[in-house]
Amino acid sequence: MIQVCIVCEGPTEVEFVKYCITPHLLDYNINAYPVIIQSPSGRHRGGRVTVERLGRFISHQCHNGHRLTTLVDYYGFQDAKGRTRSQLEHDILEWVMEHTTGADPRLIRPYIQMYEFEGLLFSDVEQFQYVLDGWDDGVRTLLHRIRAQFVTPEEINNSRETAPSKRIHRAFPDGTYNKTEHGPVIADAIGLPTIRQQCPQFDKWLSMLEKWHE
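Read left to right, the sequence shown gives residues 60 to 273 (this note's numbering).
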């Protein structure tokens with residue numbers, strides 16, 4: 060069985076991998092396991108991602124022969140500086156290859172989610188009902204209205220202040236939605252088939268993982 064390390068930005072992505080991606084990929088003879096990105100001190104500092112920080116962490120992880128990919132938010136990058144998702148993915152791999160002796164580019168495939176993990180949850184807004192304390196018809200209407208403004212959930216973006224996570228928090232009463240608690244549960248309720256149908260970039264990444272053993 061092929062081992063694939065998925066470097067995650069935070070605990071929500073870790074749980075999403077455990078809930079949804081790992082069980083799915085087992086059917087493809089692939090064992091995917093999440094690892095949360097940490098600083099050199101060993102502390103987790105989500106949301107403060109740079110190409111160098113992620114590249115350095117990957118460099119320390121890629122010496123065991125396992126394949127390695129990433130699941131980090133585009134909005135998490137402090138040094139995006141106008142670069143596209145593809146450019147950032149290229150620069151991450153380039154950094155690793157320049158700074159890591161013996162690294163094999165065939166075993167490292169960075170992936171950046173547009174624009175945030177929470178965007179995937181708009182694949183089926185009805186599943187936000189799992190936010191039991193905050194769900195009502197008003198929230199449902201608002202979330203459907205947001206989703207209807209964009210062709211795909213991966214395009215939900217106007218600025219950092221109107222990112223998917225900010226929209227979700229504004230839709231629910233204060234303190235009722237918790238990303239780490241509810242995000243993976245909602246994603247699991249939606250199911251990978253629906254997320255893949257709604258989110259083409261995520262689907263392309265998962266398809267790559269399914270075929271990585273070839």
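Each residue gets a CB set at the ideal place from its N, CA and C atoms; glycine is no exception.
### Message
For a quick check, are the C-beta atoms of residue 177 and residue 218 less than 7 Å apart?
### Response
With respect to residue 218, residue 177 sits apart: the two C-beta atoms are not nearer than 7 Å.
#### Entry: Same chain, Cβ closer than 7 Å to residue 192, five either side skipped, listed in chain order
Only 235 meet the Cβ criterion.
### Query
Which of the three DSSP states, helix, strand or coil, is assigned to residue 183?
Residue state, collapsed to three classes: coil.
### Task
Pair every Cβ in the stretch 109-121 with every Cβ in the stretch 151-167, then say whether three or more of these pairs are closer than 8 Å.
With a cut-off of 8 Å on Cβ pairs, the stretch 109-121 is in contact with the stretch 151-167, counting three or more such pairs.
### Message
Determine whether the beta carbon atoms of residue 246 and residue 79 lie at a separation below 7 Å.
### Response
Note that the C-beta distance between residue 246 and residue 79 is below 7 Å.
#### Entry: Buried versus exposed call for residue 158 [16 or more other C-beta atoms within 10 Å across all chains shown]
By the Cβ neighbour-count rule, residue 158 is exposed, with fewer than 16 other Cβ atoms within 10 Å of its own.
### Task
Specify the secondary structure class of residue 129 as computed by DSSP and reduced to three states.
Strand, per DSSP.
### Message
Going by beta-carbon coordinates alone, are residue 244 and residue 189 separated by less than 7 Å?
### Response
For residue 244 and residue 189, yes; Cβs fall inside 7 Å.
### Message
Among the candidates 92, 69, 63 and 180, whose CA atom is the shortest distance from the CA of residue 277?
### Response
Residue 277 lies beyond the stretch modelled for the chain, which goes from 60 to 273, so this question has no answer here.
### Query
Within this structure, are the beta carbons of residue 260 and residue 213 separated by less than 7 Å?
Going by C-beta atoms, residue 260 is nearer than 7 Å to residue 213.
### Query
Residues bridged to residue 168 by DSSP?
According to the DSSP secondary-structure assignment, residue 168 is paired through a beta bridge with 128.
### Task
With DSSP collapsed to three states, give me the class of residue 66.
The three-state secondary structure of residue 66, taken from DSSP, is strand.
### Message
Could you check whether residue 250 and residue 71 sit closer than 7 Å to each other, using their CB atoms as the reference points?
### Response
In this structure, the beta-carbon distance from residue 71 to residue 250 does not fall below 7 Å.
### Query
For residue 169, does the count of other Cβ atoms within 10 angstroms reach 16, so buried, or fall short, so exposed?
Around the beta-carbon of residue 169, 16 or more other beta-carbon atoms lie within 10 Å, marking it buried.
#### Entry: Entirely enclosed alpha helix (DSSP H) segments - the stretch 214-253, minimum 4 residues
Segments of the alpha helix (DSSP H) lying fully in the stretch 214-253: 223-230 and 238-249.
### beta-carbon residue 205 near the ligand SAM non-hydrogen atom, thresh 6 Å
Because no ligand of any kind appears in the structure shown, any question about the ligand SAM cannot be addressed here.
### Query
Closest to residue 75 by CA distance: which of 269, 267, 270 and 240 is it?
Minimum Cα-Cα distance from residue 75 among the listed residues 269, 267, 270 and 240 corresponds to 240.
### Task
Compute the Euclidean distance between the alpha carbons of residue 60 and residue 204, then round it to the nearest angstrom.
Approximately 44 Å, taken between the alpha carbons.
### Query
Hey, would you say residue 64 sits closer than 7 Å to residue 94, going by beta carbons?
Yes. Within cutoff.
### Query
Using the C-alpha atoms, what's the distance from residue 90 back to residue 264?
Looking at the two C-alpha atoms, the distance is approximately 16 Å.
### Task
Put residue 207 into one of helix, strand or coil per three-state DSSP.
DSSP places residue 207 in helix when its eight states are reduced to three.
### Task
For residue 88, I'd like the list of residues in its chain whose CB is within less than 8 Å of its CB, leaving aside the five on either flank, ordered along the chain.
So the list reads 60, 61 and 272, once near-sequence residues are dropped.
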